[in-house]
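**Student:** Read left to right, the sequence shown gives residues -24 to -1, 1 to 439 (mature numbering (1 follows the signal peptide of the UniProt record, and there is no 0)).
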Amino acid sequence: MDLAPSTLLIIAVVMVAGCSTVPAVPDQPPSLEQHWSRDDTIGDSQWWLQFDDAALQQWIDHALQHNYSLQGALQRYRQALASARLSGAEQYPTLDAELTRQRQITDSNGGQSANNQWRSGLTAGYELDIWGRVNALAEQGDLTRLSQSALARLEANTVASGLTVSWYGWQMEQARLALLTEQRQRLQAALQLIEGRFRRGLVTVSDVWQQQQLLEANQADQAAAQAQRDVYWQELLLWSGGDVGTLPAAPSALPSLSPLPESISVAALRARPDVQASWYQLQADNAALAAAVANRYPRFSLTASITSTTSEFSDLFDNWVSNLAANLVLPVIDGGQRRAEADRQRAKVAEQLADYRHTWLQAAQQVQSALINDQRAQQQLASTGRQLALARKNEDFQANRYRKGVADYLNLLNAQQDVLQLENQWLQQQLQQLQYRINFYTSVSPGEVIDLSFHSAAEGSTL
């Protein structure tokens, strides 16, 4: 039995329909250990409020408005937003209006004659999305927009974190300079005592020289602290966009820290902007794969037009001719281009799936490392505090024995050096613990501190 060409085409279309689906990517992240809680608690976006520092709040508010890297991330989001609207435009019919005038001049033996030709019309077109290609492209654009939204939140979190580290680094160097000034006063007082004993012939000049050496070392430490303080200030300018205006710049005490939770929820990891950005990009690549596969199959579109042609403009809208057409385009030979594109997109999905799983595990590792480091820093700081208390007792004891002449200067020198070292170490460890705490807060923060709806509205207002 012979089949008509139209029947054969229908059979071919039905046969390829079974191959047009694309498997969904896995919706589950890699499994985590049992100590991760399963509640819905997520981190705080404005985590810096935990430090109860009004000056820091002003700096961060300023940076979120003026930081150039964040502004660049927001512009990339606006680009993705426009691209999403562009990708979704194919879901709707097109309508074009036409109005033309043609003037034809003819030369003949009797002279010239001129004829006017007016033409107007409306043409509409729509692609029937049988294989889901148009819908997949629209979905890809929207998912890419969501990925860029998460990346903008990640950049905002990075700006807040970097500025907070620089702010407390600057505060620590200010405190270090104050400590070095206090230490210098103590060393000078001890030097006066030693010089008095030297003048009375009770000690050798070596004791004087060693004490003077401590003073010189103190002077060098002050120069280093001033340089590091200026470096932190330059970092503050960078994070803030250069112009800090009247932002507060007064020294203040380092904040006290509250205890951290023993475990973190999986929801907090899922809400991280880097995890969300990777997940949305994976879904976008999968949608692109679906579009590439669907692009190998026939496209069916409808066009409708209504036109009017006349030599007189007044008669232009009196006579209309309508036309309705259906178009079916089936790729036959393209040198394997469409198949290669589908294979490329399939490999891209596999690559992004691996990247997503790595991002998820990396996020878990960062949170756990932040908890471990914070706990260790707290223990070290407490131990250093106890060591410092003992060292100060020993310094007072050795100084008293030295005044009475029952101990040599070496014992006092060692005691002084222990106190100086532990005082600086205790201050440095305070900053280290702050940095670990900032790392923890950042690692569980969703970063929802910028209003992306404003940028969406701004994009729409430019149409």
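Think of the CB as a built atom: it goes at the ideal place given N, C-alpha and C, for glycine as much as any other residue.
Should N271 and R109 be called a contact, given that it needs their Cβ atoms to be closer than 8 Å?
**Tutor:** Stepping through the sequence shown from its first residue, residue 271 is reached at position 295. Stepping through the sequence shown from its first residue, residue 109 is reached at position 133. Yes, Cβ-Cβ distance for N271 and R109 is below 8 Å.
**Student:** Identify every run of the beta strand (DSSP E) within the stretch 40 to 104, keeping only runs that are complete inside it and at least 3 residues long; order them along the chain.
**Tutor:** 70 to 84, 87 to 104
**Student:** Taking Cβ to Cβ, would you say Q147 is nearer than 8 Å to Y417?
**Tutor:** The residue given as residue 147 occupies position 171 in the sequence shown. The residue given as residue 417 occupies position 441 in the sequence shown. When the beta-carbon positions are compared, Q147 and Y417 stay at least 8 Å from each other.
**Student:** Pick out whichever of L396, N91, R175, S345 has its Cα sitting closest to the Cα of E238.
**Tutor:** The count along the sequence shown starts at 1 and reaches residue 238 at position 262. Comparing Cα-Cα distances from E238 to each of L396, N91, R175, S345, the minimum goes to S345.
**Student:** Considering only C-alpha positions, which residue in the set E211, R160, A340 is nearest to L245?
**Tutor:** Indexing the sequence shown from 1 puts residue 245 at position 269. Looking at the Cα atoms, A340 is the closest of the given residues.
**Student:** Helix, strand or coil: how does DSSP classify N370 here?
**Tutor:** The residue labelled residue 370 in the question sits at position 394 within the sequence shown. Helix.
**Student:** What does the Cβ neighbour count give for V251, buried or exposed, with the cut at 16 atoms within 10 Å?
**Tutor:** The residue labelled residue 251 in the question sits at position 275 within the sequence shown. Buried, because 16 or more other Cβ atoms sit within 10 Å of the Cβ of V251.
**Student:** Provide the residue(s) that pair with S21 in DSSP beta bridges, ordered along the chain.
**Tutor:** For the purposes of this step, residue 21 is taken as the residue at position 45 of the sequence shown. Answer by DSSP bridge pairing: none, since S21 is not bridged.
**Student:** Using DSSP bridges, identify the partner residues of S281.
**Tutor:** Taking the sequence shown and counting its residues from 1, one reaches residue 281 at position 305. Answer is T99, N299, bridged to S281.
**Student:** In whole angstroms, what separates the C-alpha of Q401 from that of D118?
**Tutor:** Here the question's residue 401 lines up with position 425 in the sequence shown. Here the question's residue 118 lines up with position 142 in the sequence shown. Between Q401 and D118, the C-alpha separation is close to 51 Å.
**Student:** Just the Cα atoms here: how many angstroms apart are A268 and R315?
**Tutor:** Residue 268 sits at position 292 when you count from the first residue of the sequence shown. Residue 315 sits at position 339 when you count from the first residue of the sequence shown. Their backbone Cα atoms lie some 8 Å apart in a straight line.
**Student:** Count the other CB atoms, across all protein chains shown, that sit within 10 Å of the CB of W255; report buried if there are 16 or more and exposed otherwise.
**Tutor:** For the purposes of this step, residue 255 is taken as residue 279 along the sequence shown, with counting starting at 1. So W255 ends up on the buried side.
**Student:** Does the distance from the CB of Y102 to the CB of S281 come in under 8 Å?
**Tutor:** Residue 102 sits at position 126 when you count from the first residue of the sequence shown. Residue 281 sits at position 305 when you count from the first residue of the sequence shown. Going by C-beta atoms, Y102 is not nearer than 8 Å to S281.
**Student:** Tell me the residue span of the alpha helix (DSSP H) that contains I414.
**Tutor:** As a working note, residue 414 is residue 438 in the sequence shown. Here the alpha helix (DSSP H) through I414 covers 385 to 419.
**Student:** Excluding sequence positions up to five away, which residues of its chain have a Cβ less than 8 Å from the Cβ of V425?
**Tutor:** Position 449 of the sequence shown holds residue 425. Excluding residues within five positions, the ones whose Cβ falls inside 8 Å are S21, Q22, L40, R129, A132, N133, A136.
**Student:** Is it buried or exposed for S429, if we count other Cβ within 10 angstroms and need 16 for buried?
**Tutor:** Translated into the one-based positions of the sequence shown, residue 429 becomes position 453. With fewer than 16 Cβ atoms within 10 Å of its Cβ, S429 is classed as exposed.
**Student:** Comparing C-alpha positions only, which one of T360, D427, R121 sits nearest to R61?
**Tutor:** In the sequence shown, counting from the first residue as 1, residue 61 sits at position 85. The option with the nearest alpha carbon to R61 is R121.
**Student:** Using a threshold of 8 Å, state whether the C-beta atoms of G381 and L178 are closer than that.
**Tutor:** If you number the sequence shown from 1, residue 381 lands on position 405. If you number the sequence shown from 1, residue 178 lands on position 202. The beta carbons of G381 and L178 sit closer together than 8 Å.
**Student:** With three or more beta-carbon pairs closer than 8 Å as the criterion, would you say the stretch 363 to 378 touches the stretch 314 to 334?
**Tutor:** Contact between the stretch 363 to 378 and the stretch 314 to 334 is absent: fewer than three C-beta pairs spanning the two stretches fall below 8 Å.
**Student:** Would you tell me roughly how many angstroms separate the C-alpha atoms of D(-23) and N91, rounded to the nearest one?
**Tutor:** Numbered from 1 along the sequence shown, position 2 holds the residue referred to as residue -23. Numbered from 1 along the sequence shown, position 115 holds the residue referred to as residue 91. Residue placement at D(-23) is flagged as unreliable, the pLDDT there being 48, under the threshold of 50; the coordinate-derived value follows with that caveat. Taking the straight line from one Cα to the other gives about 54 Å.
**Student:** Spell out the partners DSSP gives F276 in its beta bridges.
**Tutor:** Translated into positions along the sequence shown, residue 276 becomes position 300. In DSSP, F276 forms a bridge with L104, L304.
**Student:** Do you know offhand how far D310's Cα is from E317's?
**Tutor:** Along the sequence shown, read from residue 1 onward, the residue named residue 310 stands at position 334. Along the sequence shown, read from residue 1 onward, the residue named residue 317 stands at position 341. Distance between the alpha carbons of D310 and E317 is about 12 Å.
**Student:** Cβ atoms of Q186 and Y378: under 8 Å apart, would you say?
**Tutor:** By 1-based counting over the sequence shown, the position of residue 378 is 402. By 1-based counting over the sequence shown, the position of residue 186 is 210. Taking 8 Å as the cut-off, the Cβ atoms of Y378 and Q186 do not count as close.
**Student:** From L396 to A193, what distance separates their C-alpha atoms?
**Tutor:** For this step, residue 396 is matched to residue 420 along the sequence shown. For this step, residue 193 is matched to residue 217 along the sequence shown. Their backbone Cα atoms lie some 11 Å apart in a straight line.
**Student:** Note down the Cα distance separating A225 from L32, rounded to an integer number of angstroms.
**Tutor:** Against the sequence shown, residue 225 aligns to sequence position 249. Against the sequence shown, residue 32 aligns to sequence position 56. Here the C-alpha atom of A225 lies approximately 10 Å from the C-alpha atom of L32.
**Student:** Where does L329 fall in DSSP's three states?
**Tutor:** In the sequence shown, residue 329 corresponds to position 353, counting from 1. When DSSP states are grouped into helix, strand and coil, L329 belongs to the helix group.
**Student:** Just mark N43 as buried or exposed, buried being the case when its beta carbon has 16 or more other beta carbons within 10 Å.
**Tutor:** Numbered from 1 along the sequence shown, position 67 holds the residue referred to as residue 43. N43 is buried by the Cβ-count criterion.
**Student:** Kindly indicate which residue of D350, Q168, L212 has the alpha-carbon position closest to the one of L191.
**Tutor:** In the sequence shown, residue 191 corresponds to position 215, counting from 1. If we check each option's Cα against that of L191, Q168 comes out closest.
**Student:** The alpha helix (DSSP H) with S125 in it runs from where to where?
**Tutor:** Residue mapping note: residue 125 aligns to position 149 of the sequence shown, counting from 1. Here the alpha helix (DSSP H) through S125 covers 109 to 175.
**Student:** Excluding five sequence neighbours on each side, which residues of the same chain lie with their C-beta closer than 6 Å to the C-beta of A112?
**Tutor:** As a working mapping, residue 112 is identified with position 136 in the sequence shown. The answer, listed in chain order, is A263, A266, A267.
**Student:** With DSSP as the reference, label A196 as helix, strand or coil.
**Tutor:** As a working note, residue 196 is residue 220 in the sequence shown. Three-state DSSP puts A196 in a helix.
**Student:** Just reading off the alpha helix (DSSP H) that L258 is part of, what are its end residues?
**Tutor:** To locate residue 258, count along the sequence shown from 1; it is residue 282. L258 -> alpha helix (DSSP H) spans 249 to 270.
**Student:** Tell me whether the beta-carbon of A353 lies closer than 8 Å to the beta-carbon of Q408.
**Tutor:** If you number the sequence shown from 1, residue 353 lands on position 377. If you number the sequence shown from 1, residue 408 lands on position 432. Going by C-beta atoms, A353 is nearer than 8 Å to Q408.
**Student:** With hydrogens ignored, establish whether the beta-carbon of E103 is closer than 7 Å to any heavy atom of the ligand ATP.
**Tutor:** The model on display carries no ligand, and the ligand ATP is accordingly not part of it.
**Student:** Measuring straight from C-alpha to C-alpha, what distance separates G217 and Q34?
**Tutor:** What you label residue 217 is simply residue 241 of the sequence shown in a count that begins at 1. What you label residue 34 is simply residue 58 of the sequence shown in a count that begins at 1. The straight-line gap from Cα to Cα measures roughly 14 Å.
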